[in-house]
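Numbered per the numbering used here, the sequence shown spans residues 1 to 151.
Ideal placement from N, C-alpha and C gives every residue a C-beta, glycine not left out.
The structure presented is a predicted model; accordingly, all values stated were derived computationally and were not measured.
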Amino acid sequence: ETFNGSIFMNELLDDYLLSVNSSEIKLHRNIDSTGIALEADKFYLSTAIINLLNNAIKYGGTELTVSYGIDKADSTHYISIKDNGIGISPKYQRFIFEKFYRVSEKDTHNYKGLGLGLYYTKQIIKAHRGSISVESEANKGSIFTIKIPII
Ligand code: ATP
Ligand code: MG
Numbered sequence: 001e002t003f004n005g006s007i008f009m010n011e012l013l014d015d016y017l018l019s020v021n022s023s024e025i026k027l028h029r030n031i032d033s034t035g036i037a038l039e040a041d042k043f044y045l046s047t048a049i050i051n052l053l054n055n056a057i058k059y060g061g062t063e064l065t066v067s068y069g070i071d072k073a074d075s076t077h078y079i080s081i082k083d084n085g086i087g088i089s090p091k092y093q094r095f096i097f098e099k100f101y102r103v104s105e106k107d108t109h110n111y112k113g114l115g116l117g118l119y120y121t122k123q124i125i126k127a128h129r130g131s132i133s134v135e136s137e138a139n140k141g142s143i144f145t146i147k148i149p150i151i
């Protein structure tokens with residue numbers, strides 16, 4: 001289906017904030033309002049974004065910045081989620097999208113999970129012919145960026 005990317009992102013964030021304890025989480029929006037058509041499966045794309053938001057909070061984020069816009073250089077919609085949580089050291093970053101992969105708990109954290117969230121997120125984005133990438137530094141935070149081609 002085709003829908004306005006800006007409206008979609010704002011509605012998703014409105015709904016998401018109702019589901020979290022928003023007094024403890026600061027969410028900054030950086031949503032480009034020009035609203036170009038986004039061709040995607042709304043349900044699956046929402047699931048992918050919510051996975052990233054849940055991780056951002058689960059791994060220590062209290063301040064999140066969500067950005068949406070158009071990257072003219074490669075003709076994509078970009079959606080990025082930045083957090084100020086525990087971060088991921090460079091040596092683990094290339095594994096985190098693998099099925100069942102979790103960063104070694106003794107090394108870094110004690111949060112439980114299956115290691116499936118990012119795997120599924122990546123499958124969903126691949127099905128849209130898009131890409132997902134991470135930039136992160138241990139103890140500083142992470143930025144996950146989704147890109148979906150403009151059709
Ligand atoms: P679940 O299947 O419940 O999502 P999970 O959160 O452990 O379990 P993924 O979402 O796939 O699995 O994430 C894989 C690993 O990447 C996590 O175990 C965690 O170590 C790391 N990670 C993911 N997102 C973040 C983040 N925003 N900040 C820090 N580490 C993260
Ligand atoms: Mg997860």
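Between which two residues does the beta strand (DSSP E) carrying E135 extend? 131 to 137
Does ligand 2 have even one heavy atom less than 8 Å from the beta-carbon of K58? yes
N139 burial status per 10 Å Cβ neighbour count (16 or more: buried): exposed
Please give the ranges of any beta strand (DSSP E) in the segment 50 to 123, keeping only runs that are unbroken, at least 3 residues long and fully inside the region. 63 to 71, 76 to 83
In angstroms, rounded to a whole number, what distance separates the CA positions of Y92 and N4? 35 Å
Since E11 is in the alpha helix (DSSP H), which residue starts that stretch and which ends it? 5 to 19
Got a sec: does ligand 1 put a non-hydrogen atom nearer than 8 Å to the Cβ of V66? no
So I50 and Y16 are supposed to be a Cβ contact under 8 Å. How far apart are they, rounded? 7 Å
Within 10 angstroms of the Cβ of L114, are there 16 or more other Cβ atoms? Answer buried if so, exposed if not. exposed
Quick one, are the C-beta atoms of K82 and I148 less than 9 Å apart? no
Identify which residue in K99, Y59, N55, H28 has its Cα closest to the Cα of Y68. H28
If the criterion is Cβ atoms closer than 9 Å, does the pair H128 and D41 meet it? yes
Taking E98 as the reference, which of T76, A73, I132 has the closest Cα? I132
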